[in-house]
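The block underneath contains the structure these notes are about, expressed in structure tokens.
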Amino acid sequence: MNINGTRLVERLHNMAKIGKTSKNGVHRLALTEEDKAARNLFVLWLKDLRLDVRVDDFGNIFGRKEGKLSHLPPVVIGSHLDSVPNGGKFDGTLGVLAALEVIQTLTEEDAQHDYPIEIAMFTNEEGARYATPMLGSGGMTGVFEQEYVYQMKDEQGLRFIDELKKINYHGDKEHRLQKIKCFVELHIEQGPVLIENKVSVGIVKGIQGLSWHKVTFIGESDHAGTTPMNQRKDAFVSAIKAMYLLHHWVKDLGDETAITFGKCSVNPNVINVIPRQVSFSIDVRHPDEETLIKRIGKLKEIILNISTDDDVESQIEDISLMQPVQFSERLVRELENLSRIAGFSSYKMYSGAGHDAMYMNRLGETVMIFVPSLKGKSHCEEEESCLEDIYQTVEVLYQLIKKEIVMVE
Ligand SMILES: [Zn+2]
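Per the numbering used here, the very first residue in the sequence shown carries number 189; after that it's consecutive.
Written out as structure tokens, the structure is:
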């Protein structure tokens, strides 16, 4: 190992003290006093490493180590420090501290590099306080207008811009990252795939696309006792049938498609009245755009068929579509090679969750490295990863960055 695992874990413990919950989790919502304290500690560490610190207009923080050729775009590593309410101490933070560890290791061995290296910490990744996730990286890369981000309000009605100024992290637009050579984000997997496959290093090929819909069945309300069973137009029964058929259709596909019905409303929602109108949500995901579109077409067909068979009306509303993101195939190959050379087991996969890397991908070649999550748990206080897996993934990150910062003739 080239990296210093003990030092990394020590920083992780110190960071976890900020916003610490009773069950050893972390409660550190974006732009709060806890977030401010975490940022201050992070900036202190950046300065200890003699990095040039700058803050952009969304409060994203960067630390830069100049290379031999300062006109070259930087190699960037990083993640986020905010958490969900009562979240874990690894989500986001591990990626930021892994970046620090990599830069410190490179500095201590006096590694020569042509490209500048930058560490990045993005604001409001979780979308827990300001409801849009990845506001900092999305704002910086032009996905969101500055005004849209600034005017966003939390549940108390407090605006993003006011809260950003209050914690003293409102910087300059000129400090945003523009062009990059590449971006690498290390993050916990937040799912059970790596643990189940007994693998240490997750290599992320991209981020799944996701599409949201609202389905409504409209039948007829009637008396629960006097309406014969064969004369009913029960919207709830049609909705259940739709969810059941869609669930099993996707399960039988046996591929990377995932479908979830997370919300449902029944009208009139009375014990002795046949439901007239039922709406439910569909969240459908797939890493390949063309396949995702095909799945959406098929699911609409299944719903229409049910509505014809049951003689009830149906409506399908498209709420949003987030296109899949493909990361750099070159960097995926590099990570595979480096893991193999180091003797670590690795596994290629897609991310089911969004990350800052999704937007950074717009600025240049991007890839992610996943650390196995024990029991696949995250966004909770029980979130945990084993030290050996952390050391191995951070070592692979170090190996990759060490290669990327040197110009190839
Ligand atoms: Zn995260």
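Just so it is clear, CB atoms sit at the ideal spot from N, CA and C, and this is done for glycine as well. Computed from a prediction, not measured in an experiment: that's the story for all the values here.
Reduced DSSP secondary structure (H/G/I, E/B, other) of residue i
i    : result
D577 : helix
G324 : helix
V331 : coil
K253 : strand
G187 : What is shown of the chain runs 189 to 597, which leaves residue 187 out entirely.
L260 : coil
S495 : helix
Q292 : helix
A226 : helix
Distance CB(residue i)-CB(residue j) smaller than 9 Å
i    : j    : result
V438 : M537 : no
G193 : L487 : no
V472 : L523 : no
L551 : K367 : yes
V387 : S539 : no
L288 : K253 : no
N449 : L434 : The sequence given here places Phe at residue 449; Asn does not occur at that position. Closer than 9 Å, so yes.
P560 : I383 : yes
L285 : D223 : no
S566 : I376 : yes
I470 : I447 : yes
G315 : E569 : no
I542 : M322 : First, the amino acid is wrong: residue 542 is Gly here, not Ile. Yes. Within cutoff.
With 16 other Cβ atoms within 10 Å as the buried cut-off, status of residue i
i    : result
A133 : One cannot answer for residue 133 here, as it falls past the ends of the chain, which runs 189 to 597.
P456 : exposed
H401 : buried
Q580 : buried
D298 : exposed
Q292 : buried
A319 : exposed
E202 : Strictly speaking, residue 202 in this sequence is Asn, with Glu absent from that position. It counts as exposed.
A412 : exposed
N549 : buried
I593 : buried
V513 : buried
S573 : buried
T496 : exposed
S271 : buried
V596 : exposed
G345 : exposed
G207 : buried
I507 : exposed
I529 : exposed
Expected contact under 8 Å - CB spacing of residue i and residue j to nearest Å
i    : j    : result
S267 : L374 : 7 Å
E313 : G324 : 7 Å
R317 : L217 : 4 Å
F348 : V337 : 6 Å
V584 : V389 : 5 Å
Contact test: residue i Cβ vs ligand 2 heavy atom, cutoff 8 Å
i    : result
E314 : Summarising the ligand content, the structure contains ligand 1 and does not contain ligand 2.
Do three or more CB pairs link the region 279-298 to the region 306-320 at distances below 8 Å? yes
When you compare the region 431-446 with the region 497-506, are there three or more beta-carbon pairs, one atom per stretch, that lie closer than 8 Å? no
Three or more C-beta pairs under 8 Å: does that hold for the region 405-420 against the region 471-489? no
Does the region 451-466 touch the region 404-412, meaning 3 or more C-beta pairs lie closer than 8 Å? yes
Looking at C-beta atoms only, is the number of pairs between the region 514-527 and the region 348-362 that lie closer than 8 Å three or more? no
Closer than 8 Å is the cut-off here; do at least three beta carbon pairs connect the region 239-247 with the region 259-273? no
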